[in-house]
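Just so you know, the sequences run in chain order A and B. Quick note on this note's numbering: the first sequence kicks off at 53 and runs consecutively. Quick note on this note's numbering: the second sequence kicks off at 204 and runs consecutively.
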Amino acid sequence: MRRQKNDILQGTLDLLVLKALHSQGPMHGYGLTTHIHEQSLDLLRIEEGSLYPALHRMEQDGWVRSEWRVTEKGRKARFYFITPSGQEQLLREQESWKRLTKGVALVLREA
Amino acid sequence: MSWFKRLRNNFRGNTISQRISEEIEFHLEERVDELIEQGMSAEEARALATRQFGNRTLHKETTREMDLLGWVEALGKNIRYGFRMLARDRGFTTVAVLTLALGIGINTSIFSLISNRLLKPLPYKDVDRLVMVRETRLDVPEDRTAAVSNFVAWRDRNRVFEHIGTSNDATLSTMEEEPQRLIGLRVQYGYLEALGAKPILGRLISLEDCKLGNGEVVVLSHQLWQRRYAGDRHVVGKVIPAGMRNFTIIGVLSPDFVPFSFDSLQPEVEFWIPYEFTNTHMRSHARYLWVTARLKDGISLEHAQAEMTRIASQLAKENPEKNRGWGVTLVPITEAATGDVRKGLLTLQGAVGFVLLLACANVAGLLLARLSSRQHEIAMRTALGAGRGRLIFQFLTESVMLSVLSAPLALLIAYSGIRVLALYGPGDNFRNLAIDHRVLAFTALISILTGLVFGLIPAMQGSRRNLAAMLTDSGRATTAGSSRQRLRSVLVVSTIAIALVLLTGTGLMLNTFIRLVGVDPGFDTKNLLTFQLLLPTGEYFKDEGTRNGIAVVRPSPRLPLVFEQLLERLSKLPGVQSAAISATPPLSGWRHQTAFTLDASPKTGPDTQARGRLPYRQRGLFRHPQGPTLAGSPFRFARLLQRSLGRNRKSIHGTKILA
Numbered sequence: 053m054r055r056q057k058n059d060i061l062q063g064t065l066d067l068l069v070l071k072a073l074h075s076q077g078p079m080h081g082y083g084l085t086t087h088i089h090e091q092s093l094d095l096l097r098i099e100e101g102s103l104y105p106a107l108h109r110m111e112q113d114g115w116v117r118s119e120w121r122v123t124e125k126g127r128k129a130r131f132y133f134i135t136p137s138g139q140e141q142l143l144r145e146q147e148s149w150k151r152l153t154k155g156v157a158l159v160l161r162e163a
Numbered sequence: 204m205s206w207f208k209r210l211r212n213n214f215r216g217n218t219i220s221q222r223i224s225e226e227i228e229f230h231l232e233e234r235v236d237e238l239i240e241q242g243m244s245a246e247e248a249r250a251l252a253t254r255q256f257g258n259r260t261l262h263k264e265t266t267r268e269m270d271l272l273g274w275v276e277a278l279g280k281n282i283r284y285g286f287r288m289l290a291r292d293r294g295f296t297t298v299a300v301l302t303l304a305l306g307i308g309i310n311t312s313i314f315s316l317i318s319n320r321l322l323k324p325l326p327y328k329d330v331d332r333l334v335m336v337r338e339t340r341l342d343v344p345e346d347r348t349a350a351v352s353n354f355v356a357w358r359d360r361n362r363v364f365e366h367i368g369t370s371n372d373a374t375l376s377t378m379e380e381e382p383q384r385l386i387g388l389r390v391q392y393g394y395l396e397a398l399g400a401k402p403i404l405g406r407l408i409s410l411e412d413c414k415l416g417n418g419e420v421v422v423l424s425h426q427l428w429q430r431r432y433a434g435d436r437h438v439v440g441k442v443i444p445a446g447m448r449n450f451t452i453i454g455v456l457s458p459d460f461v462p463f464s465f466d467s468l469q470p471e472v473e474f475w476i477p478y479e480f481t482n483t484h485m486r487s488h489a490r491y492l493w494v495t496a497r498l499k500d501g502i503s504l505e506h507a508q509a510e511m512t513r514i515a516s517q518l519a520k521e522n523p524e525k526n527r528g529w530g531v532t533l534v535p536i537t538e539a540a541t542g543d544v545r546k547g548l549l550t551l552q553g554a555v556g557f558v559l560l561l562a563c564a565n566v567a568g569l570l571l572a573r574l575s576s577r578q579h580e581i582a583m584r585t586a587l588g589a590g591r592g593r594l595i596f597q598f599l600t601e602s603v604m605l606s607v608l609s610a611p612l613a614l615l616i617a618y619s620g621i622r623v624l625a626l627y628g629p630g631d632n633f634r635n636l637a638i639d640h641r642v643l644a645f646t647a648l649i650s651i652l653t654g655l656v657f658g659l660i661p662a663m664q665g666s667r668r669n670l671a672a673m674l675t676d677s678g679r680a681t682t683a684g685s686s687r688q689r690l691r692s693v694l695v696v697s698t699i700a701i702a703l704v705l706l707t708g709t710g711l712m713l714n715t716f717i718r719l720v721g722v723d724p725g726f727d728t729k730n731l732l733t734f735q736l737l738l739p740t741g742e743y744f745k746d747e748g749t750r751n752g753i754a755v756v757r758p759s760p761r762l763p764l765v766f767e768q769l770l771e772r773l774s775k776l777p778g779v780q781s782a783a784i785s786a787t788p789p790l791s792g793w794r795h796q797t798a799f800t801l802d803a804s805p806k807t808g809p810d811t812q813a814r815g816r817l818p819y820r821q822r823g824l825f826r827h828p829q830g831p832t833l834a835g836s837p838f839r840f841a842r843l844l845q846r847s848l849g850r851n852r853k854s855i856h857g858t859k860i861l862a
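This is how it looks when you write it as structure tokens:
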């Protein structure tokens, strides 16, 4: 079931998006996918289909805001900004991600 | 996502679906550019980008679900689509609508009963301030009516009631142009006041009127005033002759007043006369008064209860013979009115609830069966980007439409049900049933709920599809297989289970009923008619004071003679084989029989009382020619009586003497 796969990814997706917006400043959706793709040395590929609903939801939650801007190529694109509450969320998610990976790593080492 | 946010989304400059479209478009263009840079042709790049992006409609749908307008839009579409589906499959629609209408209709008619008896407030101002005051045995938690002297003590001593009064049966046999029997109440001062009765002419019954010898005054109901006096404004002061007494009219009550007496509303009551307490009444240990009271402003039920308990313990000290072991209980009038029927009505509602469940299970089964013929359609919609939520939404819309469509028919069925109850139901309980706003709301609510209940399982099932399998395999429907099969089995099993529960319940009740009806009363009940003869006190009876704590009303010496004459003339009527008179007709209910246990109390012994009071009780009854079973066993009826009276063995003597 496609939907469930997305649900598992969702938390991580939020984290990646917030981190990208935090470090790179305002970006559009396509920019986010390429940035994360490159930044992860081609290891991570965001499924486009889940990115936009996720962005929309994060905007509803007040973590990001967005506005139309014109790109260097002269195309109209929706740019996303991280908000203060998004910054907080990023800290929280980073923290929990670190704990998760640390825990998983410990368990794996033991095995 | 909250509805508020969905709502807010609609007021943003451009709708979300529009914005998502534009964003996706931009995304694809950027991707195409990139692919071209890598050396692809424009067409190839476009195709690849689109394929990589996946099902665009689905993503759009997912995002659009955050939009309330999206939902409303979808609902409209679903309804239109639903109508097409329902119209296409008329046979299915008809069967489903009829099944549901039956289930909802039956539930609605029973609910109208509940609405009428349990939910409709009693017609009094500040009805929550009204209480019934009852005496309670401290050892057996059973509420009883009150003794006369105790009622008087309560009225004199309490500081918690604004008014406290009591009422009892009364009849007037008027002898003007033609004899007429009127049904009314004897009431003590305080009763009408507590219930908030207002006279439109004259006045209410005063404390003075209730003094012995002052009682020949009467207050009329609006209805009686209209019927007998055609609404004459000068009716006050006129006299109603009744037997040896003449009642002067002192007032007429407003038309909206319905008295509450015993434990229910008494709409047939047409007059009120003072309830004169004699010394006999005052000395009597018998407890038979129904006492109604209104709490003073600012006095809580608990406070009043405490005060009355205090008074009760005083009374127990002052007159231990009469009052030891007795307390007082205040029961809110609404509770007193619904106490007995509540359980029965709720049981009934539960039973018809099962009928509705049965209807749900049946229609759910039909929907499941129909799913297989809709596989193609579902597959197509999924391929075109319908999400699972959207599919479930569609199915639920259709099932709710089905049950809502059945609602008007259900109301029609409920209305017929109510008419039937009013025509054939016992007593007055069903007379003024109506489909009011509460009943309508109930029907609307259960229609929608029903639709959701029977629609949910097929909806979950129908939307859970393996797309590839369905598209390749749709004609044969092999993959639907096991899980749907299992679901159908569950439905069939639960249908049978519910039907069994209902059948068993009905069977048990019918069995009880048949046994009750089939009890051999010891005589042939065929062609046996009974009627009631009410004779006015004064002419035929004399109040004789108390003997051993029991009120004795002595019949006038000429009463047996009157009865003999009456029987003789009745027997001569064409078509009458024989006639008999008794104090209580056999199998009429046991109310009057309680007197026997009193008679047979160990202290008094059965003989004297019974002889003194009952010389005319059973005249001719056992000479009835249709009673051959009785001939061999004259005490058959007495034994039945004894069994119903139960524990008190002494009562056997009482009934034997009677028989």
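Heads up, the beta-carbon is just placed ideally off N, CA and C, and yes, glycines get one too.
Legend entry - chain A contact residues for Ile227(B), given Cβ-Cβ distances below 7 angstroms: Numbered from its first residue, the second sequence carries residue 227(B) at position 24. For Ile227(B), the neighbours in chain A by C-beta distance under 7 angstroms run, in chain order, Tyr104.
Inset, instruction - Please confirm whether Glu473(B) and Ser516(B) have their CB atoms less than 7 angstroms apart. - result: Numbered from its first residue, the second sequence carries residue 473(B) at position 270. Numbered from its first residue, the second sequence carries residue 516(B) at position 313. Not closer than 7 angstroms, so no.
Inset, instruction - Assuming Tyr335(B) contacts Val544(B) (C-beta within less than 8 angstroms), just tell me the rounded distance between them. - result: For the purposes of this step, residue 335(B) is identified with residue 132 of the second sequence, where counting begins at 1. For the purposes of this step, residue 544(B) is identified with residue 341 of the second sequence, where counting begins at 1. Note that residue 335(B) is Met in the sequence shown, not Tyr. At roughly 15 angstroms, the Cβ-Cβ gap does not stay under 8 angstroms, so Met335(B) and Val544(B) are not in contact.
Legend entry - Separation of Asn417(B) from Glu411(B), as counted between CA atoms: One-based indexing of the second sequence puts residue 411(B) at position 208. One-based indexing of the second sequence puts residue 417(B) at position 214. Rounded to whole angstroms, Glu411(B) to Asn417(B) spans 7 angstroms at the Cα level.
Inset, instruction - Give me the Cα-Cα distance between Tyr394(B) and Arg497(B), rounded to the nearest whole angstrom. - result: In the second sequence, the residue the question calls residue 394(B) occupies position 191. In the second sequence, the residue the question calls residue 497(B) occupies position 294. Those two C-alpha atoms are separated by around 9 angstroms.
Inset, instruction - For Thr481(B), name the three-state secondary structure that DSSP assigns. - result: Residue numbering aside, residue 481(B) sits at position 278 when the second sequence is read from its first letter. Looking at Thr481(B) - three-state DSSP - the assignment turns out to be coil, as it is neither helix nor strand.
Inset, instruction - Quick one: which unbroken beta strand (DSSP E) runs of 3-plus residues sit fully inside the segment 370–453 of chain B? Chain order, please. - result: 382–390, 402–405, 420–423 and 442–445
Inset, instruction - Indicate whether Gly665(B) and Leu587(B) have their beta-carbon atoms separated by less than 7 angstroms. - result: Locating residue 665(B) in the second sequence gives position 462, counting from the first residue. Locating residue 587(B) in the second sequence gives position 384, counting from the first residue. Against a cut-off of 7 angstroms, the Cβ pair of Leu587(B) and Gly665(B) comes out as no contact.
Legend entry - C-beta atoms of Ile134(A) and His89(A) nearer than 7 angstroms: Taking the first residue of the first sequence as position 1, residue 134(A) is located at position 82. Taking the first residue of the first sequence as position 1, residue 89(A) is located at position 37. No, they are not a contact pair.
Inset, instruction - Report, in whole angstroms, the separation of the C-beta atoms of Val555(B) and Phe657(B), which I expect to be a contact under 8 angstroms. - result: Your numbering for residue 555(B) matches position 352 in the second sequence. Your numbering for residue 657(B) matches position 454 in the second sequence. 16 angstroms between Cβ atoms; not a contact.
Legend entry - Inter-residue spacing [alpha-carbon to alpha-carbon] between Glu345(B) and Ala540(B): Your numbering for residue 345(B) matches position 142 in the second sequence. Your numbering for residue 540(B) matches position 337 in the second sequence. Rounded to the nearest angstrom, the two C-alpha atoms are 16 angstroms apart.
Legend entry - Span of the beta strand (DSSP E) around Phe133(A): Locating residue 133(A) in the first sequence gives position 81, where the first residue counts as 1. From DSSP, the beta strand (DSSP E) with Phe133(A) extends over Lys128 to Ile134.
Legend entry - Contact under 7 angstroms by Cβ, Leu303(B) with Ser609(B): Locating residue 303(B) in the second sequence gives position 100, where the first residue counts as 1. Locating residue 609(B) in the second sequence gives position 406, where the first residue counts as 1. Yes, Cβ-Cβ distance for Leu303(B) and Ser609(B) is below 7 angstroms.
Inset, instruction - Please classify Arg332(B): is it buried, with 16 or more other beta-carbons within 10 angstroms of its beta-carbon, or exposed? - result: Position 129 of the second sequence holds residue 332(B). Classification for Arg332(B): buried.
Legend entry - Arg691(B) versus Leu624(B): straight-line alpha-carbon distance, rounded: Here residue 691(B) refers to the residue found at position 488 when the second sequence is read from its first residue. Here residue 624(B) refers to the residue found at position 421 when the second sequence is read from its first residue. For Arg691(B) and Leu624(B), the distance between alpha carbons rounds to 37 angstroms.
Legend entry - Straight-line gap, Asp94(A) to Thr85(A) (C-alpha atoms, nearest Å): Translated into the one-based positions of the first sequence, residue 94(A) becomes position 42. Translated into the one-based positions of the first sequence, residue 85(A) becomes position 33. Cα-Cα distance, rounded: 11 angstroms.
Inset, instruction - Report the three-state DSSP secondary structure of His160(B) (helix, strand or coil). - result: Given that chain B is displayed from residue 204 to residue 862, the structure contains no residue 160(B) and the question cannot be resolved.
Legend entry - Within-7 angstroms CB hit, His579(B) to chain A: The residue labelled residue 579(B) in the question sits at position 376 within the second sequence. Closer than 7 angstroms: no.
Legend entry - Among Thr585(B), Leu398(B), Ala783(B) and Thr698(B), the one whose alpha carbon lies nearest that of Ile367(B): Within the second sequence, residue 367(B) is the residue found at index 164, counting from 1. Among Thr585(B), Leu398(B), Ala783(B) and Thr698(B), the Cα nearest to that of Ile367(B) belongs to Leu398(B).
Inset, instruction - Please determine, among Lys525(B), Ser376(B) and Val390(B), the residue with the shortest C-alpha to C-alpha distance to Arg384(B). - result: To locate residue 384(B), count along the second sequence from 1; it is residue 181. Of the listed residues, the one whose Cα sits closest to Arg384(B) is Ser376(B).
Legend entry - Thr374(B) versus His484(B): straight-line alpha-carbon distance, rounded: Stepping through the second sequence from its first residue, residue 374(B) is reached at position 171. Stepping through the second sequence from its first residue, residue 484(B) is reached at position 281. Thr374(B) and His484(B): Cα-Cα distance of roughly 19 angstroms.
Inset, instruction - Let me know the secondary structure DSSP gives Asp342(B) once reduced to three states. - result: Here residue 342(B) refers to the residue found at position 139 of the second sequence. Coil.
Inset, instruction - Would you mind telling me which residues of chain B sit closer than 8 angstroms to Arg130(A), beta carbon to beta carbon, in chain order? - result: On the first sequence, residue 130(A) is found 78 positions in, with the first residue counted as 1. Simply Arg222, Glu225, Glu226 and Phe229.
Legend entry - Within chain A, the residues that Glu232(B) reaches when beta carbons sit closer than 8 angstroms: Here the question's residue 232(B) lines up with position 29 in the second sequence. The answer, in chain order, is Arg127.
Inset, instruction - Quick one: give me the first and last residue of the alpha helix (DSSP H) that Glu510(B) is part of. - result: Working through the second sequence from its first residue, we reach residue 510(B) at position 307. Unbroken alpha helix (DSSP H) run through Glu510(B): Leu504 to Glu521.
Inset, instruction - Say whether chain B places a C-beta atom closer than 7 angstroms to the C-beta of Glu140(A). - result: As a working note, residue 140(A) is residue 88 in the first sequence. Glu140(A) does not count as touching chain B.
Legend entry - is_contact[Gly81(A), chain B] using C-beta, thresh 7 angstroms: As a working mapping, residue 81(A) is identified with position 29 in the first sequence. Gly81(A) counts as touching chain B.
Legend entry - Complete runs of the beta strand (DSSP E) confined to the segment 542–602 of chain B [at least 3 residues]: Fully enclosed beta strand (DSSP E) runs of no fewer than 3 residues are not present anywhere in the segment 542–602 of chain B.
Legend entry - Candidates Asn353(B), Val421(B), Cys413(B) and Val439(B), of which the one nearest Phe520(B) by Cα: Stepping through the second sequence from its first residue, residue 520(B) is reached at position 317. The sequence given here places Lys at residue 520(B); Phe does not occur at that position. When only C-alpha atoms are compared, the closest one is Asn353(B).
Legend entry - Contact set between Phe256(B) and chain A, taken where Cβ atoms lie within less than 7 angstroms: In the second sequence, residue 256(B) corresponds to position 53, counting from 1. Per Cβ cutoff of 7 angstroms: Glu100 and Gly101.
Legend entry - Exposure of Gln812(B), with buried meaning 16 or more beta-carbon neighbours within 10 Å: Taking the first residue of the second sequence as 1, we reach residue 812(B) at position 609. Interpretation of Gln812(B) is limited by its pLDDT of 35, a score under 50 that renders its predicted location unreliable; no figure is taken from the coordinates.
Legend entry - Bounding residues of the alpha helix (DSSP H) (the contiguous stretch that carries Arg761(B)): Mapped onto the second sequence, residue 761(B) falls at position 558. Note, Arg761(B): premise wrong, no alpha helix (DSSP H); not H, not E.
Inset, instruction - List the endpoints of the continuous beta strand (DSSP E) containing Arg121(A). - result: The residue given as residue 121(A) occupies position 69 in the first sequence. Segment Val116 to Val122, the beta strand (DSSP E) holding Arg121(A).
Legend entry - Inter-residue Cα distance where the pair is Asp723(B) and Pro470(B): Counting from one through the second sequence, the residue named residue 723(B) turns up at place 520. Counting from one through the second sequence, the residue named residue 470(B) turns up at place 267. When rounded, the distance between both Cα atoms is 36 angstroms.
Legend entry - Selection from Leu732(B), Pro763(B), Val765(B) and Ser759(B) that minimises the alpha carbon distance to Ala782(B): Your numbering for residue 782(B) matches position 579 in the second sequence. The candidate whose alpha carbon is nearest that of Ala782(B) is Leu732(B).
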